[in-house]
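As given, the protein sequences belong to chains C and P, one line each in that order. Taking full-length UniProt numbering, I'd label the letters of the first sequence as residues 1 to 378. Taking full-length UniProt numbering, I'd label the letters of the second sequence as residues 1 to 218. Think of the CB as a built atom: it goes at the ideal place given N, C-alpha and C, for glycine as much as any other residue. Only a predicted model underlies this, so the values are computations on that prediction, with no experimental measurement involved.
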Amino acid sequence: MKPLYLVIISLLCAVIAVAAPVSAAPADITVVSSSLDPPVLMKGDTGTLTVVIQNNGAETVAIKSARLYGSGVVPLSEPYPSVGEIGAGNSKTFTFTVRADGGEGTFYPQFVLDFRDGAGSLRYPVPVQVENTPLSASVIGKPDAFAAGRTAEITVRVGNPRPNAASGVQVIPQGTGFSATPTGGFIGALAPDASGTVVFNLTPTTETAVTFQVVWRNGINTHTADLVLPVAFGEDKRQADPIITNVEVAPVAGGYRIVGDVMNAGLESARSVLVTAGAPATPIDPFRVYVVGTLDPDDISSFEVTFKADATTTEIPVVVEYRDDDGNRYAATTMVGLGGTTAPLEERDGEFPVAGIVVVVLVALGIAGAIYYSWKRT
Amino acid sequence: METGFLRVLLNPGRFFEARMQDEPSLKIPALIALVIGLIGVVSAVLMANITIAMLPDEMQGLGVLITIFSAAIAFIGGLLVWVIYGFVFYLVSMVFKGSGDLKRTLEFTGYGLLPQVFGGIIGTFFTYQLLSGLTVPPMTSPEQIAEFSESLVSILTTDPLAQIAGLVSILFMIWSANIWVFGMKYARNLSTRDAVLTVGIPIGLYILYTLITLAGWL
Chain C
1 MKPLYLVIIS LLCAVIAVAA PVSAAPADIT VVSSSLDPPV LMKGDTGTLT
51 VVIQNNGAET VAIKSARLYG SGVVPLSEPY PSVGEIGAGN SKTFTFTVRA
101 DGGEGTFYPQ FVLDFRDGAG SLRYPVPVQV ENTPLSASVI GKPDAFAAGR
151 TAEITVRVGN PRPNAASGVQ VIPQGTGFSA TPTGGFIGAL APDASGTVVF
201 NLTPTTETAV TFQVVWRNGI NTHTADLVLP VAFGEDKRQA DPIITNVEVA
251 PVAGGYRIVG DVMNAGLESA RSVLVTAGAP ATPIDPFRVY VVGTLDPDDI
301 SSFEVTFKAD ATTTEIPVVV EYRDDDGNRY AATTMVGLGG TTAPLEERDG
351 EFPVAGIVVV VLVALGIAGA IYYSWKRT
Chain P
1 METGFLRVLL NPGRFFEARM QDEPSLKIPA LIALVIGLIG VVSAVLMANI
51 TIAMLPDEMQ GLGVLITIFS AAIAFIGGLL VWVIYGFVFY LVSMVFKGSG
101 DLKRTLEFTG YGLLPQVFGG IIGTFFTYQL LSGLTVPPMT SPEQIAEFSE
151 SLVSILTTDP LAQIAGLVSI LFMIWSANIW VFGMKYARNL STRDAVLTVG
201 IPIGLYILYT LITLAGWL
């Protein structure tokens, strides 16, 4: 039996002699780098964690498996059940898909390498940062007041307060009761602490709330943030303000005539200015409507309107209609008292009394004949 | 055609020549002036109604007085116009060394007012047409009444109907002037030229004033 023992021992020694250099150096395996895409996750984000190891020793190292585990940031992909050998000086990359399930903070999921033959394992905590700070949006330009149908220029600035870049940033106005041009603004990538602006031409039809939705991607994850802009109609401090002054009311056949001046006391031009008499007055010829045209700020123009009204009417509105640069129509009304200054006559069908002319002609002919006859008989 | 009023209107030369044979009489001329006054009363009452409508409610009681006063003024106005024209012609004819007494001048002036009867009737018709379409707004203060009165005058002078009425009155005035020329020729013993000037100067000025008023230049 003694030779048999010797053979066994020799074989064991041979095996040990062959195997010992391979499994004897797990300490030479080191994690040389780890990275996460995106570099900073938000809660619920999915990212790609990449770990690179390198064999710094002089011998080949046999690795059984590689896996990742932890809480807060959990792996979604399967572990590497059979890795194999890694030669001296070589490196190997392991990629895991992870998801941030926890809250904010820095998490350390464990990267574990199990060596063969009970040579132990390598544990490496990989830091993963999770931060939920969204992109910030703010309105940096808007008119003092909105008006129905009037186009307003809205400037939205989007900033990136996150520690990593955001990509595919765009701003989309949402809601009802308005139209916007463009329908969406694209900013693109935003580096940390950078910002971009988008300008919209917003035309509200009713009082509403416009939501500017900021959409961006963090890696492969899409996020949104809303910026709500209430649109309440009010008086624009710069808008045209036609004022009627120097009004004189005079009666004319069939009604009244109002002459006066209309002045633009606003800071913007009033275009297509029309002056007419409003109800209960009824405009009549020759000046049913007086077309003033464009009134620049501080410009003044005279006007004249003619109308008829009931005897019980003591004042009537003089209506000034005008448009802004966008073509929106406005109306300003000034009440003008008729008082006792009026003595309206009923309109005689709006025509010169032809019968009266006939009477004049006949009378003239008759008298001329009488005079001629009287001198002829003298 | 050769008798009565038609003779005055169509052949005043012969008429006045014949009248010179009789003593001056103011009965018929006064009657003509009174008829003109009566016609004027109608227009005055129409105008008075407008005035009454302007008054506040508490002053409506004055309406009757206003109407009576206006009618009286209009009635007397016919006589006044007759006398004024007579005196004016008498005075102007003195420039042309006219001779003849004032009574004869007044008599022939009164006959010359006959066309004004027809003119007055037509004028009253136009006045009615004009004022019937007038609506008076409610007024509460004397200032409003004063402004209304001014505007009423403005209307009565600028309305086409009023202008036609003015033209008609001018035509009848020309007719009267034609009769007065013959009347002054005989009443004041003037040449035809002087008679034309005696009548033409004051009547011409009156017509000129009326035309300017109708044209709205005043």
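Rank the options by C-alpha distance to the C-alpha of residue i and give the top, closest one.
i: C/LEU190; options: C/PRO182, C/VAL169 and C/GLY184; result: C/VAL169
i: P/TYR209; options: P/LEU167, P/LEU79 and P/PHE125; result: P/LEU167
i: C/THR205; options: C/GLY177, C/ILE187 and C/PRO182; result: C/GLY177
i: C/GLY293; options: C/PHE186, C/SER374 and C/ASP324; result: C/ASP324
i: P/VAL42; options: P/ILE52, P/PHE16 and P/PHE125; result: P/PHE125
i: C/SER33; options: C/SER91, C/VAL363, C/ASP45 and C/PRO75; result: C/SER91
i: C/PHE200; options: C/ASP193, C/THR95, C/GLU207 and C/GLN213; result: C/GLN213
i: C/ASN328; options: C/SER272, C/ASP37 and C/SER138; result: C/SER272
i: P/TRP175; options: P/GLY77, P/LEU205 and P/GLN116; result: P/GLN116
i: C/VAL318; options: C/PHE303, C/GLY278, C/GLY337 and C/VAL289; result: C/GLY278
i: P/TRP195; options: P/GLY119, P/LEU91 and P/VAL153; result: The sequence shown places Ala at residue 195 of chain P, rather than the Trp named in the question. Nearest of P/GLY119, P/LEU91 and P/VAL153 to P/ALA195, Cα basis: P/LEU91.
i: C/ARG257; options: C/GLY118, C/ILE371, C/VAL275 and C/ASN221; result: C/VAL275
i: P/PHE96; options: P/LEU211, P/ILE28, P/THR192 and P/LEU214; result: P/THR192
i: C/ALA270; options: C/ILE220, C/ALA332 and C/THR314; result: C/ALA332
i: C/SER302; options: C/ASP310, C/THR312, C/PHE287 and C/PRO161; result: C/PHE287
i: C/LEU113; options: C/VAL73, C/ALA137, C/LYS64 and C/GLU131; result: C/LYS64
i: P/GLY77; options: P/ILE36, P/THR109, P/VAL199 and P/PHE5; result: P/ILE36
i: C/GLY72; options: C/PHE107, C/ILE53, C/VAL61 and C/ASN56; result: C/PHE107
i: C/ARG123; options: C/ILE53, C/ILE140 and C/ASN164; result: C/ILE53
i: C/GLY260; options: C/GLU248, C/GLU268, C/GLY266 and C/VAL252; result: C/GLU248
i: C/GLY120; options: C/VAL98, C/ASP28 and C/PRO38; result: C/ASP28
i: C/GLY255; options: C/VAL289, C/THR224, C/PRO81 and C/VAL305; result: C/VAL305
i: C/THR208; options: C/HIS223, C/ARG162 and C/ALA147; result: C/ALA147
Just checking my contact of residue i with residue j at CB under 8 angstroms: how many whole Å lie between their CB atoms?
i: C/VAL262; j: C/ILE244; result: 5 angstroms
i: C/ILE316; j: C/PHE307; result: 7 angstroms
i: P/ILE121; j: P/ILE39; result: 6 angstroms
i: C/ASP236; j: C/ASP144; result: 6 angstroms
i: P/VAL8; j: P/ILE179; result: 6 angstroms
i: P/ILE145; j: P/MET47; result: In fact, because the Cβ distance is near 14 angstroms, the residues do not count as touching under 8 angstroms.
Using three-state DSSP, classify residue i as helix, strand or coil.
i: C/VAL112; result: strand
i: C/SER77; result: coil
i: P/GLN163; result: helix
i: C/ARG348; result: Confidence at C/ARG348 is low in this model, with a pLDDT of 49, below 50, so the placement of that residue should be treated as unreliable; the coordinate-derived value is given next. Of the three classes helix, strand and coil, the one that applies to C/ARG348 here is coil, per DSSP.
i: C/VAL360; result: helix
i: P/LEU152; result: helix
i: C/THR133; result: coil
i: C/CYS13; result: Bear in mind that the predicted position of C/CYS13 carries a pLDDT of just 42, short of 50, making it too unreliable to give a figure here.
i: C/LYS92; result: strand
i: C/LYS376; result: helix
i: P/MET1; result: Because the pLDDT of P/MET1 is 41, which lies under 50, any placement of that residue in the model is unreliable, and the question is left without a value.
i: P/LEU102; result: helix
i: P/ASP22; result: coil
i: C/ILE367; result: helix
i: C/VAL22; result: In this prediction, C/VAL22 scores a pLDDT of 42, lower than 50, which makes its location untrustworthy; the coordinate-derived value is nonetheless stated afterwards. Helix.
i: P/ASN178; result: helix
i: C/ASP28; result: helix
i: C/THR151; result: coil
i: C/ALA343; result: In this predicted model, C/ALA343 has a pLDDT of only 47, less than 50, meaning its place in the structure is not dependable; the value taken from the coordinates is given anyway. Of the three classes helix, strand and coil, the one that applies to C/ALA343 here is coil, per DSSP.
i: P/SER169; result: helix
i: P/ARG14; result: helix
Check for me: the alpha helix (DSSP H) holding residue i runs from which residue to which?
i: P/MET47; result: 27-54
i: P/MET94; result: 63-95
i: P/VAL8; result: 4-10
i: P/ILE121; result: 114-132
i: P/PRO202; result: 192-215
Could you spell out the range, first to last residue, of the beta strand (DSSP E) harbouring residue i?
i: C/PHE107; result: 105-107
i: C/GLU315; result: 315-323
i: C/LYS64; result: 61-69
i: C/PHE287; result: No beta strand (DSSP E) contains C/PHE287, which DSSP labels as neither H nor E.
i: P/GLN60; result: Taken as a continuous stretch (DSSP letters only), P/GLN60 belongs to no beta strand (DSSP E), as it is neither H nor E.
i: C/VAL214; result: 208-218
i: C/VAL249; result: 242-252
i: C/ASP310; result: Element bounds for C/ASP310: n/a, residue is neither H nor E.
i: C/VAL126; result: Looking at the DSSP string, C/VAL126 is not in any beta strand (DSSP E), and its letter there is neither H nor E.
i: C/THR183; result: Element bounds for C/THR183: n/a, residue is neither H nor E.
i: C/SER167; result: 166-174
Compute the minimum distance between the beta carbon of residue i and the heavy atoms of the ligand NAD, and state whether it is under 7 angstroms.
i: P/ARG188; result: Among the ligands in the structure shown, none appear at all, so the ligand NAD cannot be discussed.
Below 7 angstroms between beta carbons is the criterion; list the residues of the segment 275-286 of chain C that meet it against any residue of chain P, in chain order.
-> Flagged: no residues at all.
Would you list, in chain order, the members of the segment 166-184 of chain P that have their beta-carbon closer than 8 angstroms to a beta-carbon of chain C?
-> Under the 8 angstroms Cβ criterion, the segment 166-184 of chain P contributes LEU167, VAL168, LEU171, PHE172, ILE174, TRP175, ASN178, ILE179 and PHE182.
What residues from the segment 245-277 of chain C come within 8 angstroms of chain P, judged by C-beta to C-beta, listed N to C?
-> Going along the segment 245-277 of chain C in chain order, one finds ALA250, PRO251, VAL252 and ALA253 with a Cβ nearer than 8 angstroms to chain P.
Report the residues of the segment 42-73 of chain P with a CB closer than 7 angstroms to any CB of chain C, ordered along the chain.
-> So nothing in the stretch comes that close.
Just by C-beta distance, which residues in the segment 7-20 of chain P are closer than 8 angstroms to chain C?
-> Hits within the stretch, in order: LEU9, LEU10, ASN11, PRO12, GLY13 and ARG14.
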